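First residue of the sequence shown: 21, per the numbering used here; consecutive thereafter.
Every residue gets a Cβ at the ideal spot worked out from N, C-alpha and C, and that includes glycine.
All values derive from a computational prediction rather than experimental measurement.
All remarks here apply to the structure that follows.
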Amino acid sequence: MSKKRLSQTKKNIVFLGHMGSGKSTIGRGLSKKLGLDFYDTDKEIEKEMGQKIAKIFDESGESIFRKIERKITLKLLDKKNSIIALGGGGFEDLKIRKLILNKCNSIWLKCDLNILEKRCRVSKKRPLLSNKNIKAEFERLNKIRQKNYSKAKFTIDVSKKNKYQIIKEITDALKI
């Protein structure tokens, strides 16, 4: 039932937000609920490149990673009836941002920076946080990215909600 209603909109659902905000978890959960395909841009990059994101950053640098991310994200955005979890910095790319804002249901999963810090402190797979003060890095990234994140069609504050509450809020917002 929900899949049919969503497919009538012909718009993909794209999650954006900082690393650790739950884009992959919520995207997977929503895809199961709606019966839609789910893609995580970071996982697709790792599949395409045959290595982990952290290794790509280490060996090739962020600028090369962003070029790869752009190519793969644009390919994913061509798909229909899909849910896409965008990498934290993917929405900073002007071409990606314009395409998402014009053709997709964009949802910013906004999360308190202190919660993000706690979630990401234990992770070793976040190259932008490697060997840095995590709280200060989130504050820096937020200053840069918040302006663009706020352009999303929907903003869902995920700070103190479980995935079921978040998914319900999303389906209510999208009327599906």
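Pick out whichever of the options has its Cα sitting closest to the Cα of residue i.
| i | options | result |
| --- | --- | --- |
| L194 | K67, I73, I127 | I127 |
| S41 | D192, T191, I196, T175 | T175 |
| V178 | E157, R139, I196 | R139 |
| K183 | K43, K31, M39 | K43 |
| K95 | T191, E137, S80, E68 | E68 |
Considering only DSSP beta bridges, list what residue i is partnered with.
| i | result |
| --- | --- |
| S126 | V34 |
| D177 | K130 |
| D60 | A105 |
Is the beta carbon of residue i less than 8 Å from the beta carbon of residue j?
| i | j | result |
| --- | --- | --- |
| I33 | N134 | no |
| E11 | N168 | With the chain covering 21 to 196 only, the question about residue 11 has no answer from this structure. |
| T61 | T93 | yes |
| G197 | E82 | The requested residue 197 does not occur in the structure, where the chain is confined to residues 21 to 196. |
| G37 | L97 | no |
Could you name the residues of the same chain whose beta carbon sits closer than 8 Å to that of residue i, not counting the 5 residues immediately before and after it, in chain order?
| i | result |
| --- | --- |
| I187 | I46, G49, L50, K53 |
| R117 | F111, N168, K171 |
Given residue i, which residues of its chain have a CB within under 7 Å of its CB, disregarding the five upstream and five downstream residues?
| i | result |
| --- | --- |
| E66 | K72, I73 |
Ordered along the chain, which non-local residues of its own chain (more than five positions away) have a Cβ less than 6 Å from that of residue i?
| i | result |
| --- | --- |
| C131 | S41, V178, S179 |
| E64 | I92 |
| I120 | V34, S126 |
| T191 | none |
Count Cβ pairs between the stretch 47-61 and the stretch 90-107 that sit closer than 8 Å; are there 3 or more? yes
If you pair each beta-carbon of the stretch 63-75 with each one of the stretch 163-171, do three or more pairs fall below 8 Å? no
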